[in-house]
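Heads up: the structure comes next, in structure tokens.
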Amino acid sequence: QVIKALQSKHHYGEGEARVICDKVQAKLLKECHDPAKMCITDLRISHWEEAIQETIGGEANRNLAAECYFLWKTTRLQHLTLAEDTRGMLTELRKGVRLLLLTNGDKQTQREKIEACACQPYFDAIVVGGEQKEEKPAPSIFHYCCDLLGVQPAECVMVGDSLDTDIQGGLNAGLKATVWLNKAMTTPVDTSPVPHYIISSVLDLPAVLQKMEHKINAKLGTDHMASNNE
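As numbered in this note's numbering, residues 2 to 231 make up the sequence shown, in order.
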């Protein structure tokens, strides 16, 4: 949508418009946000402002940058959805376990995403790292989540797609298990934290939880037999 607007309304070439968007994407990937110094809206408008100036040259155009940012943001939120099969899985899981959504990031940005995909009804609690003293992978935010759910860390399973924040954080906090969502089934580097389980689709999660339950039951049975033999 931004590329189309830059072409039709502001008469940029398609190549220029694509370069601008690519530059913004690169800036987002490297983004370091300190909410005490600048709000997320101003920071991201600055990304667009810099990208336009780097591509086109001339004076900075804050108004055009703001227009691009809000169009990008609106379009992005409109396309955020929770897949029907994922909603069904979460509904079934909640019949037997408590679920909490934990995400890092700026509180305004993340809350807007959460509202856009309407995922609140599928979780018992939602925690945004930007609203806490520490984000993942700090143990404190995981222990806070456990307290919200009324469970001990050793009873909690962390599922996430980031080895550095989700899996490392779960290990740091002493959780029962960590499950890495590796959609591309990439091979992690040797120094990466090692998850207890790996899945390629979030829909594989119920089977993994069932496998954990079977392991616990098998261990209990073994321990019981050992106790009787004594």
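Note that beta-carbon positions come from the ideal geometry of N, C-alpha and C, so glycine has one too.
All values reported here derive from a predicted model rather than from experimental measurement.
So is residue i buried or exposed if we call it buried at 16+ other beta carbons inside 10 Å?
| i | result |
| --- | --- |
| Val64 | One point to set straight first is that residue 64 is Asn, not Val, in the sequence displayed. Asn64 should be labelled exposed. |
| Arg45 | buried |
| His225 | Any reading at His225 must be qualified, since the residue scores a pLDDT of 49, below 50, and its modelled position is unreliable; the value itself is stated next. Burial call: exposed. |
Tell me whether residue i counts as near the ligand ZN, meaning its Cβ is closer than 7 Å to at least one heavy atom of that ligand.
| i | result |
| --- | --- |
| Asp205 | The ligand ZN is not part of the structure shown, which contains no ligands of any sort. |
Does the distance from the CB of residue i to the CB of residue j come in under 8 Å?
| i | j | result |
| --- | --- | --- |
| Thr144 | Ala174 | This sequence places His at residue 144; Thr is not what is there. Yes, they are a contact pair. |
| Cys69 | Trp49 | yes |
| Ala117 | Leu149 | no |
| Pro154 | Leu182 | no |
| Pro194 | Leu164 | yes |
| Val160 | Val129 | no |
| Thr92 | Tyr123 | yes |
| Val158 | Ala178 | yes |
| Ile4 | Arg19 | yes |
| Cys120 | Leu100 | no |
With DSSP as the reference, label residue i as helix, strand or coil.
| i | result |
| --- | --- |
| Val128 | strand |
| His34 | coil |
| His48 | helix |
| His225 | The predicted model places His225 with a pLDDT of 49, which falls under 50 and marks its position as unreliable, so this point remains unresolved. |
| Asp39 | Before going on, a small fix: residue 39 reads as Met here, not Asp. Three-state DSSP puts Met39 in coil, outside helix and strand. |
| Ala27 | helix |
| Gly16 | helix |
| Glu136 | coil |
| His11 | coil |
| Gln54 | helix |
| Gln211 | helix |
- Message: Would you call the region 65 to 76 in contact with the region 5 to 24, where contact means no fewer than 3 C-beta pairs closer than 8 Å?
- Response: Counting Cβ pairs under 8 Å, three or more are found: they touch.
- Mind pulling the alpha helix (DSSP H) runs of 4 or more residues that sit fully within the region 144 to 202? Fully enclosed alpha helix (DSSP H) runs of 4 or longer: 169 to 173.
- Give, in chain order, every unbroken run of the beta strand (DSSP E) that is at least 3 residues long and sits entirely within the region 57 to 130. 101 to 104, 126 to 129
- Query: Is there contact between the region 22 to 40 and the region 86 to 96, where contact requires at least three CB pairs shorter than 8 Å?
  - Reply: They do not touch, by the three-pair rule.
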